[in-house]
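Student:
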Amino acid sequence: MLRGFRYRSRRAAPAVVTVLADRTTIDPATGAVRSVQTADLATTAAQLDKIWSPHDLERLARTYWRFLSRATAFAISVTYSEHGRQVVAFGVLPLLTFQVPEYEMDADHGMIRWRIDRGVLVSRAGRGGNGYLEIVIRRQPAQSDDMAHAHISVEVANFYPALISRIGRRVYMATQSRIHVIVTHGFLRSLARLDLAESRVGRFAPRAAEAGPSTPSVAEAGPLAPDTPAPAER
70 MLRGFRYRSR RAAPAVVTVL ADRTTIDPAT GAVRSVQTAD LATTAAQLDK
120 IWSPHDLERL ARTYWRFLSR ATAFAISVTY SEHGRQVVAF GVLPLLTFQV
170 PEYEMDADHG MIRWRIDRGV LVSRAGRGGN GYLEIVIRRQ PAQSDDMAHA
220 HISVEVANFY PALISRIGRR VYMATQSRIH VIVTHGFLRS LARLDLAESR
270 VGRFAPRAAE AGPSTPSVAE AGPLAPDTPA PAER
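Position one of the sequence shown corresponds to residue 70 (the numbering used here), numbered consecutively onward.
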């Protein structure tokens with residue numbers, strides 16, 4: 070089922086993704102999982118500046134969901150509603166339901182956070198929005214190679230897997246956790262293409278008639294408002 074996490078291209082990618090790492094831990098007292106996958110991206114300053122905006126941060130969020138669907142041969146899809154996002158298996162099984170995403174952005178970093186609300190993969194202790202999935206991108210200081218560098222992390226925090234409560238930690242680490250790491254590293258590698266999907270919501274998309282004021286500038290963005298409601302879609 071898992072496919073797409075190995076990217077092959079006949080053309081040189083506009084960016085280079087390196088130093089992929091993973092750190093996954095389980096709190097022995099509570100059973101809460103924290104899983105962080107990271108990578109470094111290098112490209113030209115012009116390329117990075119071109120995609121450094123609230124609109125492109127929103128596109129990065131959509132790119133994550135697009136990759137998840139493609140990597141699983143569309144066995145997993147994501148639906149949108151005015152209440153948030155739902156990850157669904159085979160079109161019927163609600164694996165995870167997230168609250169409306171939160172965005173932050175400034176000149177040096179961007180953040181997208183989806184709070185975990187419920188789902189069959191979440192035990193009762195992890196419902197209600199305390200746990201979250203988060204993507205953070207941070208620009209790094211200039212280096213001697215004349216390239217622009219960014220550090221990207223994908224983090225799941227305070228997540229209480231139903232699998233641990235039902236079967237055990239070893240089974241979770243060997244199955245669900247392992248699949249998550251493989252898919253996330255595939256997503257991070259795919260960013261070498263700088264091929265960001267168009268947002269399904271378009272909260273920060275520039276408007277043709279008023280291109281400037283409708284999309285906050287990086288300098289003034291700070292914490293960004295949640296998505297505006299959108300009809301459910303895939």
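No residue lacks a Cβ here, since even glycine has one placed at the ideal position from N, Cα and C. Keep in mind the model is a prediction, meaning the values are calculated, not measured.
1) Tell me glycine 179's beta-bridge partners as DSSP assigns them.
2) With distance defined between alpha-carbon atoms, name the residue in Gly197, Asp118, Asp215 and Arg131 nearest to phenylalanine 256.
3) Would you mind reading off the limits of the beta strand (DSSP E) that contains glutamate 224?
4) Do the stretch 210 to 227 and the stretch 97 to 115 make contact, defined as three or more Cβ pairs closer than 8 Å?
5) Once the 5 residues before and after alanine 231 are set aside, which same chain residues still bring their CB inside 7 Å of it?
6) So is leucine 164 buried or exposed if we call it buried at 16+ other beta carbons inside 10 Å?
7) Within 8 Å, do at least three Cβ pairs link the stretch 232 to 243 to the stretch 114 to 122?
8) Exposed or buried, which one is glutamate 159 when buried takes at least 16 other CB atoms within 10 Å?
9) Which class does arginine 92 belong to by DSSP, given the choice of helix, strand or coil?
10) Could you pull the start and end residues of the alpha helix (DSSP H) that proline 123 belongs to?
11) In the structure shown, what three-state DSSP assignment does valine 157 receive?
12) Just tell me which of Ile236, Ser146 and Ile185 has its CA closest to the CA of glycine 153.
13) Can you give me the start and stop residues for the beta strand (DSSP E) that alanine 81 sits inside?
14) Less than 8 Å between the C-beta atoms of arginine 128 and alanine 266, yes or no?
15) Taking C-alpha atoms, which residue in His124, Arg235, Arg139 and Ile233 lies nearest to tyrosine 172?
16) So what's aspartate 118 in DSSP terms, helix, strand or just coil?
17) Using CA coordinates, which residue listed in Leu126, Ala82 and Arg92 is at the minimum distance from serine 246?
18) Using a Cβ-Cβ cutoff of less than 8 Å, which residues in the same chain neighbour valine 147 once the five nearest sequence positions on both sides are dropped?
19) Express the C-alpha separation of glutamate 151 and threonine 166 in angstroms, rounding to a whole number.
Tutor: Let me spell this out:
1) Met174 and Ile206
2) Arg131
3) 217 to 228
4) yes
5) Val189, Leu190, Val191 and Ser192
6) exposed
7) no
8) Just to set this straight, residue 159 is phenylalanine in the shown sequence, not glutamate. Classification for phenylalanine 159: exposed.
9) strand
10) 123 to 140
11) strand
12) Ile185
13) Taken as a continuous stretch (DSSP letters only), alanine 81 belongs to no beta strand (DSSP E), as it is neither H nor E.
14) yes
15) His124
16) helix
17) Arg92
18) Trp134, Leu137, Ser138, Arg154, Gln155, Val156, Val157 and Arg303
19) 12 Å
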